[in-house]
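Below is one structure, written out as structure tokens; the observations come after it.
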Amino acid sequence: MNPSANTAVRALTLGVAHAALLFCLGCGCSGAAVKSTAGTQEPRSEGRTPGAEDRTPGAEDPKRTPEGKECPETGRDEAGLRGVVAYLASPELAGRVPGTEGDRLARKLIAARLECAGVEPAMAGGSYVQPFTNSEGASTANVLGVLRGSDPAVASEIIVLGAHHDHLGHGMLGANDDASGVAALLAIAERLAAGPAPRRTILFAAFGSEESQTDAPDAAAFEGSEHFAANPIPGLAVDDVVFMVNMDMLGTYSAAGTLNALGTWEGSVGRPFVEAAAAQAPDLDVTLGYDSNLSDNVSFCTRGIPYVFFWTEDTACYHKTCDTADRIEYSALEQIAEVVGSTVAAAANATADLSVSVRAGVDVCLEPKPTR
Ligand SMILES: [Zn+2]
Numbered sequence: 020m021n022p023s024a025n026t027a028v029r030a031l032t033l034g035v036a037h038a039a040l041l042f043c044l045g046c047g048c049s050g051a052a053v054k055s056t057a058g059t060q061e062p063r064s065e066g067r068t069p070g071a072e073d074r075t076p077g078a079e080d081p082k083r084t085p086e087g088k089e090c091p092e093t094g095r096d097e098a099g100l101r102g103v104v105a106y107l108a109s110p111e112l113a114g115r116v117p118g119t120e121g122d123r124l125a126r127k128l129i130a131a132r133l134e135c136a137g138v139e140p141a142m143a144g145g146s147y148v149q150p151f152t153n154s155e156g157a158s159t160a161n162v163l164g165v166l167r168g169s170d171p172a173v174a175s176e177i178i179v180l181g182a183h184h185d186h187l188g189h190g191m192l193g194a195n196d197d198a199s200g201v202a203a204l205l206a207i208a209e210r211l212a213a214g215p216a217p218r219r220t221i222l223f224a225a226f227g228s229e230e231s232q233t234d235a236p237d238a239a240a241f242e243g244s245e246h247f248a249a250n251p252i253p254g255l256a257v258d259d260v261v262f263m264v265n266m267d268m269l270g271t272y273s274a275a276g277t278l279n280a281l282g283t284w285e286g287s288v289g290r291p292f293v294e295a296a297a298a299q300a301p302d303l304d305v306t307l308g309y310d311s312n313l314s315d316n317v318s319f320c321t322r323g324i325p326y327v328f329f330w331t332e333d334t335a336c337y338h339k340t341c342d343t344a345d346r347i348e349y350s351a352l353e354q355i356a357e358v359v360g361s362t363v364a365a366a367a368n369a370t371a372d373l374s375v376s377v378r379a380g381v382d383v384c385l386e387p388k389p390t391r
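The opening position of the sequence shown corresponds to residue 20 in this note's numbering, with each subsequent residue numbered one higher.
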């Protein structure tokens, strides 16, 4: 609990978190978007899902998965993003530590929302879950959904859009890090699945155990994404990934007044995609350039795969107990999700040959230094 938080905002946030938790457990399935359902009390008017008032009075939620599970009308808007972050960063999930009940509930929400979006399970047998045991012995999993490419010439090429669902616990709830990225991931999955089929295949990846880094010399960093890369899923192997878009900490835009698109140095593969996407969001400042080897993009760029890593600075509450859902800037997050989604769409539909940009066996995480 953040003692400096505005009381009204905090009350709203907790109300949303509790409503979301009850909703999710109550139907055993569905999303945490703030929505109006029979018997669910609305915390505040701004928590309503736009369009909810248009429903037939007394009608049940009209949108369901093929299995009949309830879905929110949308998670793409500000209220939808707020609902996902409030649930993932709720005290009930206790910081989503790998192997805990909070970790399991987070993954359950993500899988349900990918299903609602109409994104296919990535695993054989119709599962979204790629389980693994991390270096600390905790059983956890990646949650993976796929949108198949439509152009036979490039459909085997994969664009990965990733965020990590785990966090640290011990009072740290990880709203910005990285519930914000997961909320954006689900919003973008919904948007792209509803649009025209992309030319290339898009893999939506909520990675587990990004935060767990032991001091053991052989322990992998960024364990979920590393597990994905090292354990090929049939038809979705890392060898076919041509570009990776990572999202980690998207909720604190105003801290530095910019959205960083790391990995987009001059001449990089992702730079024109981000430039085109940013041009559609004139209210958002986007910083190009720089690089990073501090998040899940590492599991790809160390294998020669170009990346963009979207990130907002958060020196105040990074890995602290004040990283709570009430301080996430949801309006900016909605715009950021639009930019990231457009970047992914641009890569997926690019006419350029992206396969030549992969330099297998070469570490492309850091900007090449000029040779003199
Ligand atoms: Zn993170």
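Positions of the beta carbon are idealized from the N, C-alpha and C atoms, including for glycine. None of the values given here were measured: they were computed from a predicted structure.
Suppose contacts are defined by Cβ-Cβ distances below 8 Å. Is leucine 385 in contact with threonine 331 by that definition? no
Run through the DSSP bridge pairs and tell me what tyrosine 326 is partnered with. Met263
Select from Gly282, Ala202 and Val138 the residue whose C-alpha is nearest the C-alpha of leucine 313. Gly282
Is it buried or exposed for asparagine 195, if we count other Cβ within 10 angstroms and need 16 for buried? buried
Please indicate yes or no: does the CB of methionine 268 lie closer than 7 Å to some heavy atom of ligand 1? yes
State the start and end residues of the unbroken alpha helix (DSSP H) segment that holds alanine 295. 290-298
Do valine 261 and isoleucine 207 count as a contact pair if the criterion is CB distance below 8 Å? no
Rounded C-beta distance between arginine 218 and glycine 145? I'm assuming under 8 Å. Wrong, their Cβ atoms sit about 25 Å apart, outside the cutoff.
Just to confirm, is the Cβ distance from tyrosine 309 to asparagine 279 under 8 Å? yes
When Leu133, Ala202, Phe319 and His246 are compared against phenylalanine 151, the one with the closest alpha-carbon: His246
Since aspartate 185 and proline 117 are thought to touch, with beta carbons under 8 Å apart, how far apart are those beta carbons, to the nearest angstrom? 5 Å
Which full runs of the beta strand (DSSP E) of 3+ residues lie inside the region 128-203, going along the chain? 148-152, 158-166 and 177-183
Would you mind stating whether isoleucine 347 and serine 199 have Cβ atoms separated by less than 8 Å? yes
Can we count histidine 183 as close to ligand 1, meaning its CB is less than 7 Å from some heavy atom? yes
With a threshold of 7 Å (Cβ to nearest heavy atom), would serine 314 be considered close to ligand 1? yes
Distance between beta carbons of glycine 323 and valine 377, contact taken as under 8 Å: 5 Å
To the nearest angstrom, report how far apart proline 301 and glutamate 357 are at their CA atoms. 12 Å
Return the CA-CA distance between glutamate 79 and glycine 87, expressed in angstroms with no decimal places. For glutamate 79, the predicted structure reports a pLDDT of 49, less than 50, and the residue's modelled location is therefore unreliable. The matter cannot be settled from this model.
Beta-carbon gap between glutamate 3 and arginine 95 smaller than 8 Å: Past the boundaries of the shown model lies residue 3; the chain is included only from 20 to 391, so the question cannot be answered.
Would you mind reading off the limits of the beta strand (DSSP E) that contains asparagine 368? Careful: asparagine 368 lies outside any beta strand (DSSP E), inside the alpha helix (DSSP H) at 349-368.
Run the CB neighbour count on glutamate 285, radius 10 Å, all protein chains shown included, and call it buried at 16 or more, exposed below. exposed
Using 10 angstroms around the beta-carbon of aspartate 372, count the other beta-carbons present and answer buried if the total reaches 16, otherwise exposed. exposed
As assigned by DSSP and simplified to three states, the class of alanine 213: helix
Rounded to the nearest angstrom, what separates serine 350 and valine 148 at their Cα positions? 31 Å
CB of glutamate 245 to nearest heavy atom of ligand 1: below 7 Å? no
Specify whether the region 98-106 and the region 213-229 touch according to this definition: at least 3 beta carbon pairs, one from each stretch, less than 8 Å apart. no
Say the cut is 7 Å; is the CB of aspartate 342 nearer than that to a heavy atom of ligand 1? no
Is the distance from the Cβ of alanine 295 to the Cβ of leucine 303 below 8 Å? no
Taking the straight line between their C-alpha atoms, what separation do you get for alanine 364 and phenylalanine 292? 9 Å
When the Cα of valine 383 is compared with those of Met263, Thr370 and Lys127, which residue comes out closest? Met263
Let me confirm a value: cysteine 43 is counted as buried when at least 16 other C-beta atoms fall within 10 Å, else exposed. Which label applies? Because the pLDDT at cysteine 43 is just 32, under 50, the model does not fix this residue reliably, and the value given afterwards should be weighed accordingly. The residue is buried, with at least 16 neighbouring Cβ atoms inside 10 Å.
Same chain, Cβ closer than 7 Å to valine 359, five either side skipped, listed in chain order: Ala203, Ile207, Val264, Met266 and Phe329
Considering only DSSP beta bridges, list what threonine 306 is partnered with. Asn279
Confirm the yes/no value for this check: CB of aspartate 197, any heavy atom of ligand 1, distance under 7 Å. yes
Would serine 318 pass as a contact of alanine 248 if the rule is Cβ separation under 8 Å? yes
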